[in-house]
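Below is one structure; the comments refer to it alone.
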Amino acid sequence: MSSHWHRAIAELSAQGDAARAAAQRVDDAPSTERTTAVAISYAAETDYLRSAGMLLRAHLSDRRPPRRLPVALIWPYFRDAWKARTVDRLGGVWRAIPRDAAREKMRSAPTDPLLTAVLEQAEALQASLHGERQVDRLYESFIPERTGHAVADLVGGGGRSAPTLPGFPDPGHPINRAFPQGSGTRIQPGREAEFTRLSSDRFAVHTRAVAFGDAVLALLVELRAAGVAPQPGRLRGAGRWVGRERQLVPDRAKWPAKLNVYQGVTLAGLGWLVLACTGLPLTFGKEADLLSHALLLFMAAGLIACTGIGLVIRYGPKLIKGPGFGAAVPGIAAGLIALVVWQGQGPVASYYFAGPYERYEREYANGCLVASPYRHDAVQATADGGVLVVTPISGETTLRLGPAEDGGTHPLGPLDQATREVLDRYGC
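Counting in the numbering used here, the sequence shown runs from 152 upward without gaps.
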């Protein structure tokens, strides 16, 4: 066995152990940590399923296994949002199920009892995917009768089916469920057994995902490791957090159901600060003469806005937990910072991205030429083609300076010998 397959099989074995440990942890975890344990379990079994599928494809194609097995990415700063998304999507297990092409490749491979077991588990996973896609289509909108028997109405014993929308005769079509014509929802009459079967297949996906990974692991150990299972290797991804739910998603302050006056002040101050920071790319882009790249400027502003909103959502509850007026102090501080940013971004941008006339006054007219015929109130200046032409009213030598561009950051310098002699004469 090559070292590549040895490492890959060892990592797959570690992922399988983590998936089983995570599933057991859901039952053993305290109630306050159970939701996090569920998210870890879903992510760990998805990692196991994806890795098993990737190694199976490499085995059937007789290719070298990947250097690193795929694992779920845990968001570093927004783990609450990661947990909610993982639980809502079951860790992405539906997308990791082997598709038709993978099953056809298994069927075309030489017959082997272990590969047959893998194919059976893949078929079971496909049945779970079919149940996920079809079970909701067995519901229908209906017009209930006032029989007072809620259970009978749920299984279709009372009421009549509501009419379907034109062009969508299937009562379980998503359009008919999104715009129901009745006042209730029930399982379509006569399809209760099918509903039970599809529901059972759908809920069995977690057990079947682990079983598929175990079948692939047994196949690889037999055919790639000569029947000798290596010790579990390095573990990455969600499996590392089994039993460490509180460290993964610590208990944090929650937003109150209703803000008081002081908390509202803090929220308003933070919102104003985010708005002021959002204007920074637009202000500096305008002064730097970058309006031709307006799309990039608006994208930068949107990124700042999204980041700011995310930070407010993440840390806002902690900032407003102070008692009484203390809850308003962060908002007042944020408002003062926002005022400085709002009022200061324009002058700062104008200073760093000044036009040619402002640069002439700053670098020469108000400096070394302040007492000369080239002071700002004794000359006429025009900018054209990147050249600033400064003509003194007294008739002295005309200065030619450059680069004269809007939004530039380069200092103005002499462009000919006569200009250089004048500047040298006045010590510029």
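Just so it is clear, CB atoms sit at the ideal spot from N, CA and C, and this is done for glycine as well. Just so you know, these numbers come straight off a predicted model, no measurement behind them.
query: Would residue 389 pass as a contact of residue 164 if the rule is Cβ separation under 8 Å?
result: Along the sequence shown, one-based indexing puts residue 389 at 238. Along the sequence shown, one-based indexing puts residue 164 at 13. Contact: no.
message: Can you list, in chain order, the residues of its chain with a C-beta nearer than 6 Å to that of residue 241? Leave out the 5 residues immediately preceding and following it.
response: Sequence index remark: in the sequence shown, residue 241 carries index 90 (1-based). Closer than 6 Å at the Cβ level, and outside the excluded window around residue 241, lie 193.
query: When DSSP builds the beta bridges, which residues end up paired with residue 504?
result: Within the sequence shown, the letter at position 353 stands for residue 504. In DSSP, residue 504 forms no bridge with anything.
Sequence-distant residues of the same chain with beta carbon closer than 7 Å to residue 177, five excluded per side: By 1-based counting over the sequence shown, the position of residue 177 is 26. Hits under 7 Å: 185, 188, 189, 192.
Cβ-based neighbour list, residue 321, same chain, cut-off 8 Å, excluding 5 preceding and 5 following: In the sequence shown, residue 321 corresponds to position 170, counting from 1. Closer than 8 Å at the Cβ level, and outside the excluded window around residue 321, lie 288, 315, 327.
- request: Would you mind working out which of 252, 506, 378, 282 sits nearest residue 562, comparing C-alpha positions?
  value: On the sequence shown, residue 562 is found 411 positions in, with the first residue counted as 1. When each option's Cα is compared against that of residue 562, the closest is 506.
- prompt: How is the beta strand (DSSP E) around residue 532 delimited, first residue to last?
  reply: Within the sequence shown, residue 532 is the residue found at index 381, counting from 1. Counting along the chain, the beta strand (DSSP E) containing residue 532 begins and ends at 530 to 535.
message: Taking its Cβ as the centre, do 16 or more other Cβ atoms sit within 10 Å of residue 502, making it buried, or is it exposed?
response: Working through the sequence shown from its first residue, we reach residue 502 at position 351. So residue 502 ends up on the exposed side.
Burial state of residue 420 (16 or more Cβ within 10 Å): Sequence index remark: in the sequence shown, residue 420 carries index 269 (1-based). With 16 or more Cβ atoms within 10 Å of its Cβ, residue 420 is classed as buried.
task: Give the secondary structure of residue 258 by DSSP, where H, G and I count as helix, E and B as strand, and everything else as coil.
output: Working through the sequence shown from its first residue, we reach residue 258 at position 107. Residue 258 falls in the helix class under three-state DSSP.
Range of the contiguous beta strand (DSSP E) that encloses residue 290: Along the sequence shown, read from residue 1 onward, the residue named residue 290 stands at position 139. Note, residue 290: beta strand (DSSP E), 290 to 294.
Under 8 Å between C-beta atoms of residue 200 and residue 360: Numbered from its first residue, the sequence shown carries residue 200 at position 49. Numbered from its first residue, the sequence shown carries residue 360 at position 209. Yes; because the gap between Cβ atoms is below 8 Å, this pair is in contact.
message: Given this structure, state the Cα-to-Cα distance separating residue 318 from residue 280, to the nearest angstrom.
response: The residue you call residue 318 lines up with position 167 of the sequence shown. The residue you call residue 280 lines up with position 129 of the sequence shown. Those two C-alpha atoms are separated by around 27 Å.
query: In or out: residue 412 buried (at least 16 other Cβ within 10 Å) or exposed?
result: One-based indexing of the sequence shown puts residue 412 at position 261. Exposed.
task: Kindly list the residues whose CB is nearer than 7 Å to the CB of residue 180, restricted to its own chain and excluding five residues on each side of it in sequence; keep chain order.
output: Your numbering for residue 180 matches position 29 in the sequence shown. Contacts found: 188, 396.
query: Nearest to residue 416 by CA position, among 245, 481, 224, 565, is which residue?
result: Walking along the sequence shown from the start, residue 416 turns up at place 265. Checked all of 245, 481, 224, 565; the closest Cα to residue 416 is 481.
field: Nearest to residue 268 (by Cα), restricted to the options 350, 195, 364, 331
entry: On the sequence shown, position 117 is the one that residue 268 refers to. Selected option, being the one with the closest Cα: 364.
- request: Using the Cα positions of residue 168 and residue 357, report the straight-line distance between them to the nearest angstrom.
  value: The sequence position of residue 168 within the sequence shown is 17, counting from 1. The sequence position of residue 357 within the sequence shown is 206, counting from 1. If I take the Cα positions, the gap works out to 14 Å.
task: Assign residue 575 to one of two classes, buried (16 or more other C-beta atoms within 10 Å of its C-beta) or exposed (fewer than that).
output: Here residue 575 refers to the residue found at position 424 when the sequence shown is read from its first residue. With fewer than 16 other Cβ atoms within 10 Å, it is exposed.
query: If you compare alpha carbons, which of 531, 206, 208 is closest to residue 548?
result: Residue 548 sits at position 397 when you count from the first residue of the sequence shown. When each option's Cα is compared against that of residue 548, the closest is 531.
Through-space distance from residue 261 to residue 221, alpha-carbon basis: As a position in the sequence shown, residue 221 is number 70, starting the count at 1. As a position in the sequence shown, residue 261 is number 110, starting the count at 1. Approximately 27 Å between the Cα atoms of the pair.
query: Which of helix, strand or coil does DSSP assign to residue 571?
result: For the purposes of this step, residue 571 is identified with residue 420 of the sequence shown, where counting begins at 1. Of the three classes helix, strand and coil, the one that applies to residue 571 here is helix, per DSSP.
query: In the structure shown, what three-state DSSP assignment does residue 551 receive?
result: As a working mapping, residue 551 is identified with position 400 in the sequence shown. The answer is strand: DSSP assigns residue 551 an E or B state.
task: Starting from residue 336, follow its DSSP beta bridges and name the residues at the other end.
output: As a position in the sequence shown, residue 336 is number 185, starting the count at 1. According to DSSP, which records beta bridges pairwise, residue 336 is partnered with 292.
- request: Given a cut-off of 8 Å, decide if residue 203 and residue 384 are closer than it, judged by their beta-carbon atoms.
  value: Within the sequence shown, numbered from 1, the residue matching residue 384 stands at position 233. Within the sequence shown, numbered from 1, the residue matching residue 203 stands at position 52. No, the Cβ-Cβ distance between residue 384 and residue 203 is not below 8 Å.
query: For residue 565, which residues does DSSP report across the bridge?
result: For the purposes of this step, residue 565 is taken as the residue at position 414 of the sequence shown. Bridge partners of residue 565: 552.
- request: May I ask you to report which of helix, strand or coil DSSP gives residue 186?
  value: The sequence position of residue 186 within the sequence shown is 35, counting from 1. Reduced to three states, the DSSP call for residue 186 is helix.
query: Under 8 Å between the Cβ atoms of residue 230 and residue 399?
result: One-based indexing of the sequence shown puts residue 230 at position 79. One-based indexing of the sequence shown puts residue 399 at position 248. Yes, Cβ-Cβ distance for residue 230 and residue 399 is below 8 Å.
- prompt: Is the beta carbon of residue 467 less than 8 Å from the beta carbon of residue 418?
  reply: Looking up residue 467 in the sequence shown gives position 316. Looking up residue 418 in the sequence shown gives position 267. The answer is yes: Cβ separation under 8 Å.
task: Tell me, to the nearest whole angstrom, how far the beta carbon of residue 291 is from that of residue 348; I am working on the premise that it is less than 8 Å.
output: The residue given as residue 291 occupies position 140 in the sequence shown. The residue given as residue 348 occupies position 197 in the sequence shown. With a Cβ gap of about 18 Å, residue 291 and residue 348 do not count as contacting.
message: If contacts are defined as beta-carbon pairs under 8 Å, then residue 553 and residue 538 qualify, I think. What distance do you get, rounded to the angstrom?
response: Numbered from its first residue, the sequence shown carries residue 553 at position 402. Numbered from its first residue, the sequence shown carries residue 538 at position 387. With 8 Å as the limit, residue 553 and residue 538 qualify as a contact, their Cβ atoms being about 5 Å apart.
- request: For residue 539, write down the residues that DSSP places opposite it in a beta bridge.
  value: Numbered from 1 along the sequence shown, position 388 holds the residue referred to as residue 539. The partner list for residue 539 (beta bridge, DSSP) reads 534, 552.
field: Contacts around residue 311, its chain only, beta-carbon distance under 7 Å, and the 5 residues preceding and following it disregarded
entry: As a position in the sequence shown, residue 311 is number 160, starting the count at 1. Counting only Cβ-Cβ distances below 7 Å, and skipping sequence neighbours, we find 293, 294.
task: Determine the direct distance from the alpha carbon of residue 445 to that of residue 435, and round the result to whole angstroms.
output: Translated into positions along the sequence shown, residue 435 becomes position 284. Translated into positions along the sequence shown, residue 445 becomes position 294. Near 12 Å, if we compare the C-alpha coordinates of residue 445 and residue 435.
task: Can you tell me which of the three DSSP states residue 443 falls into?
output: Position 292 of the sequence shown holds residue 443. Residue state, collapsed to three classes: helix.
- prompt: How close, in whole Å, do the beta carbons of residue 558 and residue 440 come, if the pair is a contact with beta carbons under 8 Å?
  reply: Position 407 of the sequence shown, counted from the first residue, corresponds to residue 558. Position 289 of the sequence shown, counted from the first residue, corresponds to residue 440. Residue 558 to residue 440, Cβ: 3 Å. Contact.
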